[in-house]
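Colleague: Chains as they are written, first to last, in the working numbering: chain A, 43 to 155; chain B, 744 to 1238.
By construction, the Cβ of each residue, glycine as well, lies at the ideal position given by its N, Cα and C atoms.
None of these values were measured; they are calculated from a predicted model.
Quick one: the structure is below, questions incoming.
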């Protein structure tokens, strides 16, 4: 996948169709009206964040977390988890020892693109 | 002894320990106040009445038997409803979790209960802690006790309101970009965001994991220190919790700092558009001088990029964290025809379960993490984040300042509905609070004055920051300021 440059301020950063695509990636379903609203709002936000490109970031290491070093290794010992009965009660639908879900393959949208 | 909710945590704990009042009475009165005031201000989503009263009686029995009741024995508190308890519901003010009952309690809740505190209620918030006004709750906005037509700020809206309205002396909030400090400022109370990793996040429903931190909202700096001491410390359940002992800030908070050096960002006064907030901030600088501090002007131009970096990073992390709400293991599931399959169920459940701001941030995050945009947006924001951290380092190391003083928010509490149609304008509300989260440093807002808006007095806070893990210094400086300013205004009685 080639590098895509963020759009300039002159054109909206997101079109309604793109917003539908992003919503699909996020597993959200939008009406056309919602997609148009989010396209406008998110385009404004994306135009605003363009200011970051004015910073001199050459050679600056991305900071992904406040701690330079975190996640101390822990012993790989088994620990007690949640009681399976509790887990089943939390699930919206369960049957016997299992959590029930709609069929995974063959749904109208191809089941998990 | 009848109380009116005006006792601080320290006073309430002392009153119970000495037997001047019973925990049961204290908790019953707090529950009464919640029913009387809290329902009007919509600051509480759930009361834990019987459970809280039973726990209070147990504290009284212990005390009467001469057993230790803990430093917060019998003190009623409220938790933001994104902090789980092993009883009642944890909704995150979302339809997605409307009926969710956690099987375990957050570490902070266990620690506060071990210290004797009694959780009486769960507080309203912006859905999944995403918001700066409290308006993004699926259960309606909380109202500001100083003027109920205005927002209390967010996202820890109900926690700040509960403390400001004297329902409880202390509450917990969570702060990802200012969500403790900004509502505390808008409600005239104290709000502390500890150093990232100081307090366990185990049992906090995650929004943006590299930014989230739980902290206290109280009426005094001393109480903030007491609560921090109770909730801090290493937790093996949270791999980002630092391997440190709990703080002991309450012991030292009243000791002034000799030769206090207070940094102020150069030019910030000219950038505050609101006249009242500018005056309060200018007065706060003068108050620091009167308290014996030296004021040091420092250039922090990169702070202006904070909002842009923050909203990219928090949205990216939110889109990942909230992927877990898929209608399968917990939370609400939309009913779809069996023939529609799993993906349709995911989409229906998420679209009907999440409110608009949550969906907006999930989509923004999904976009900036998507192939081809990751470098341009997410990594650029992460690089800017490092510059902000280095700017803080310069303040505390090169300039040798103990604390940095900034405004808490660009303006006082605004009217409900005033900004809800424009997400970007709402995001700018966090201008002064996001740098601390990006860098992971501790920061506190303290009431500094009032401004008159539409004939109504509204509180305005200021914010102190310190270097990572320097909560002791931060709280001592904040206490010096609190003493110097002597803020004693209160929201109108008889709400």
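At a CB-CB cut-off below 8 Å, which residues of chain B make contact with residue 58 of chain A?
Modeller: As a first step, residue 58 of chain A must be located in the first chain, where it is residue number 16. Correct list: empty, because the minimum Cβ distance to chain B is about 12 Å.
Colleague: Within its chain, find whatever has a CB closer than 7 Å to the CB of residue 1091 of chain B; leave out the 5 residues flanking it on each side and keep chain order.
Modeller: The residue given as residue 1091 of chain B occupies position 348 in the second chain. Taken in chain order, the residues that qualify are 1077, 1079.
Colleague: Given a threshold of 16 other Cβ atoms within 10 Å of its Cβ, counted over all protein chains shown, does residue 1025 of chain B qualify as buried or as exposed?
Modeller: Within the second chain, numbered from 1, the residue matching residue 1025 of chain B stands at position 282. Answer is exposed; the Cβ neighbour count stays below 16.
Colleague: For the alpha helix (DSSP H) that contains residue 92 of chain A, what are its first and last residues?
Modeller: Translated into the one-based positions of the first chain, residue 92 of chain A becomes position 50. Here residue 92 of chain A belongs to no alpha helix (DSSP H), and DSSP marks it neither H nor E.
Colleague: From residue 1170 of chain B to residue 1124 of chain B, what does the alpha carbon distance come to, in whole angstroms?
Modeller: Position 427 of the second chain holds residue 1170 of chain B. Position 381 of the second chain holds residue 1124 of chain B. For residue 1170 of chain B and residue 1124 of chain B, the distance between alpha carbons rounds to 16 Å.
Colleague: Judging by CA-CA distance, which residue of B/1183, B/1119, B/957 is the nearest neighbour of residue 852 of chain B?
Modeller: Taking the second chain and counting its residues from 1, the one referred to as residue 852 of chain B is at position 109. With distances taken between Cα atoms, residue 852 of chain B lies closest to B/957.
Colleague: Tell me, please, which residues DSSP counts as bridged to residue 137 of chain A.
Modeller: Taking the first chain and counting its residues from 1, the one referred to as residue 137 of chain A is at position 95. DSSP, once it has assigned bridges, lists A/140 as partnering residue 137 of chain A.
Colleague: DSSP three-state label for residue 1099 of chain B, please.
Modeller: Taking the first residue of the second chain as position 1, residue 1099 of chain B is located at position 356. Reduced to three states, the DSSP call for residue 1099 of chain B is helix.
Colleague: Chain B beta carbons: is any one of them nearer than 8 Å to that of residue 135 of chain A?
Modeller: For the purposes of this step, residue 135 of chain A is taken as the residue at position 93 of the first chain. Yes, residue 135 of chain A lies at the interface with chain B (some Cβ there is under 8 Å from its Cβ).
Colleague: For the 8 Å Cβ check, are there 3 or more pairs between the region 857-870 of chain B and the region 772-783 of chain B?
Modeller: The region 857-870 of chain B vs the region 772-783 of chain B: in contact.
Colleague: Please report how far the alpha carbon of residue 827 of chain B lies from the alpha carbon of residue 844 of chain B, in whole angstroms.
Modeller: In the second chain, counting from the first residue as 1, residue 827 of chain B sits at position 84. In the second chain, counting from the first residue as 1, residue 844 of chain B sits at position 101. C-alpha separation (whole angstroms): 8 Å.
Colleague: Compute the beta-carbon to beta-carbon distance between residue 1186 of chain B and residue 936 of chain B, rounded to the nearest angstrom, for a pair I have assumed lies under 8 Å.
Modeller: As a first step, residue 1186 of chain B is located in the second chain; it is residue number 443 there, counting from the start. As a first step, residue 936 of chain B is located in the second chain; it is residue number 193 there, counting from the start. Yes, residue 1186 of chain B and residue 936 of chain B are in contact; Cβ-Cβ is about 5 Å, under 8 Å.
Colleague: Kindly indicate which residue of A/68, A/84, A/104 has the alpha-carbon position closest to the one of residue 58 of chain A.
Modeller: Working through the first chain from its first residue, we reach residue 58 of chain A at position 16. The shortest C-alpha separation from residue 58 of chain A is found at A/84.
Colleague: Which partner residues of residue 1149 of chain B appear in the DSSP bridge assignment?
Modeller: Sequence index remark: in the second chain, residue 1149 of chain B carries index 406 (1-based). In the DSSP output, where bridge partners are listed per residue, residue 1149 of chain B has B/1206.
Colleague: Just the C-alpha distance for residue 1082 of chain B and residue 801 of chain B, rounded to the nearest angstrom, thanks.
Modeller: Residue 1082 of chain B sits at position 339 when you count from the first residue of the second chain. Residue 801 of chain B sits at position 58 when you count from the first residue of the second chain. When rounded, the distance between both Cα atoms is 54 Å.
Colleague: Taking Cβ-Cβ distances shorter than 8 Å, what residues in chain A pair up with residue 1167 of chain B?
Modeller: Counting from 1 along the second chain, the entry for residue 1167 of chain B is found at position 424. Going along chain A in sequence order, the residues near residue 1167 of chain B (Cβ under 8 Å) are 83, 86, 87, 90.
Colleague: Which class does residue 810 of chain B belong to by DSSP, given the choice of helix, strand or coil?
Modeller: Taking the second chain and counting its residues from 1, one reaches residue 810 of chain B at position 67. The answer is coil: DSSP assigns residue 810 of chain B none of H, G, I, E or B.
Colleague: Any idea if residue 140 of chain A is buried or exposed, counting beta-carbon neighbours within 10 angstroms, 16 or more meaning buried?
Modeller: As a position in the first chain, residue 140 of chain A is number 98, starting the count at 1. So residue 140 of chain A ends up on the exposed side.
Colleague: With DSSP as the reference, please indicate the residues paired to residue 1074 of chain B in a beta bridge.
Modeller: As a working mapping, residue 1074 of chain B is identified with position 331 in the second chain. Looking at the DSSP assignment, residue 1074 of chain B forms no beta bridge with any residue, so it has no partner.
Colleague: For the beta strand (DSSP E) holding residue 60 of chain A, just list the boundary residues, first then last.
Modeller: Indexing the first chain from 1 puts residue 60 of chain A at position 18. Here residue 60 of chain A belongs to no beta strand (DSSP E); instead the alpha helix (DSSP H) covers 58-67.
Colleague: I need the straight-line Cα distance from residue 1152 of chain B to residue 925 of chain B, nearest angstrom please.
Modeller: For the purposes of this step, residue 1152 of chain B is taken as residue 409 along the second chain, with counting starting at 1. For the purposes of this step, residue 925 of chain B is taken as residue 182 along the second chain, with counting starting at 1. Using only the alpha carbons, I get a separation of about 6 Å.
Colleague: Residue 885 of chain B and residue 904 of chain B: beta carbons closer than 8 Å?
Modeller: As a working note, residue 885 of chain B is residue 142 in the second chain. As a working note, residue 904 of chain B is residue 161 in the second chain. A contact, by the Cβ cut-off of 8 Å.
Colleague: Since residue 869 of chain B contacts residue 902 of chain B with CB under 8 Å, what's their CB separation in whole angstroms?
Modeller: Taking the second chain and counting its residues from 1, the one referred to as residue 869 of chain B is at position 126. Taking the second chain and counting its residues from 1, the one referred to as residue 902 of chain B is at position 159. At roughly 12 Å, the Cβ-Cβ gap does not stay under 8 Å, so residue 869 of chain B and residue 902 of chain B are not in contact.
Colleague: Please go through the same chain and pick out, in chain order, the residues whose beta-carbon is closer than 6 Å to the beta-carbon of residue 1109 of chain B, but skip the five residues on each side of it.
Modeller: In the second chain, residue 1109 of chain B corresponds to position 366, counting from 1. These residues qualify, in order along the chain: 1062.
Colleague: Residues in its own chain within less than 7 Å of residue 1159 of chain B by CB, not counting five upstream and five downstream?
Modeller: Residue numbering aside, residue 1159 of chain B sits at position 416 when the second chain is read from its first letter. Excluding sequence neighbours, residue 1159 of chain B sits near 878, 884, 892, 893, 894.
Colleague: What's the C-alpha gap between residue 784 of chain B and residue 948 of chain B?
Modeller: As a first step, residue 784 of chain B must be located in the second chain, where it is residue number 41. As a first step, residue 948 of chain B must be located in the second chain, where it is residue number 205. Straight-line Cα distance between these residues: approximately 24 Å.
Colleague: Which chain A residues are close to residue 1107 of chain B, counting only those with a beta carbon under 7 Å from its beta carbon?
Modeller: In the second chain, the residue the question calls residue 1107 of chain B occupies position 364. 84, 87, listed in chain order.
Colleague: Please work out which residues of its chain come closer than 6 Å, Cβ to Cβ, to residue 757 of chain B, disregarding the five sequence neighbours upstream and downstream, and give them in chain order.
Modeller: Here residue 757 of chain B refers to the residue found at position 14 of the second chain. The answer is none, since no qualifying residue turns up.
Colleague: Using DSSP with H/G/I as helix, E/B as strand and the rest coil, what is residue 43 of chain A?
Modeller: Counted from its first residue, the first chain places residue 43 of chain A at position 1. Since pLDDT at residue 43 of chain A reaches only 33, below the 50 mark, its modelled position is unreliable, and no value is offered.
Colleague: Kindly indicate if chain A contains any beta-carbon less than 8 Å away from that of residue 783 of chain B.
Modeller: For this step, residue 783 of chain B is matched to residue 40 along the second chain. Cβ-Cβ to chain A under 8 Å: no for residue 783 of chain B.
Colleague: So residue 1188 of chain B is in the beta strand (DSSP E); what residue range does that whole segment cover?
Modeller: For the purposes of this step, residue 1188 of chain B is taken as the residue at position 445 of the second chain. Counting along the chain, the beta strand (DSSP E) containing residue 1188 of chain B begins and ends at 1186-1196.
Colleague: With a threshold of 8 Å between beta carbons, is residue 75 of chain A in contact with chain B?
Modeller: For this step, residue 75 of chain A is matched to residue 33 along the first chain. Cβ-Cβ to chain B under 8 Å: no for residue 75 of chain A.
Colleague: At 9 Å on the CB atoms, spell out the chain A contacts of residue 1102 of chain B, in chain order.
Modeller: Against the second chain, residue 1102 of chain B aligns to sequence position 359. The contacting residues are 65, 68, 70, 72, 76, 80.
Colleague: With 8 Å as the threshold, decide whether the Cβ of residue 1123 of chain B is near any Cβ in chain A.
Modeller: As a position in the second chain, residue 1123 of chain B is number 380, starting the count at 1. Closer than 8 Å: yes.
Colleague: When you check each C-beta in the region 835-858 of chain B against every C-beta of chain A, which residues fall closer than 7 Å?
Modeller: Here the close residues are 846.
Colleague: Is the separation between the beta-carbon of residue 908 of chain B and that of residue 97 of chain A shorter than 8 Å?
Modeller: Sequence index remark: in the second chain, residue 908 of chain B carries index 165 (1-based). Sequence index remark: in the first chain, residue 97 of chain A carries index 55 (1-based). No, they are not a contact pair.
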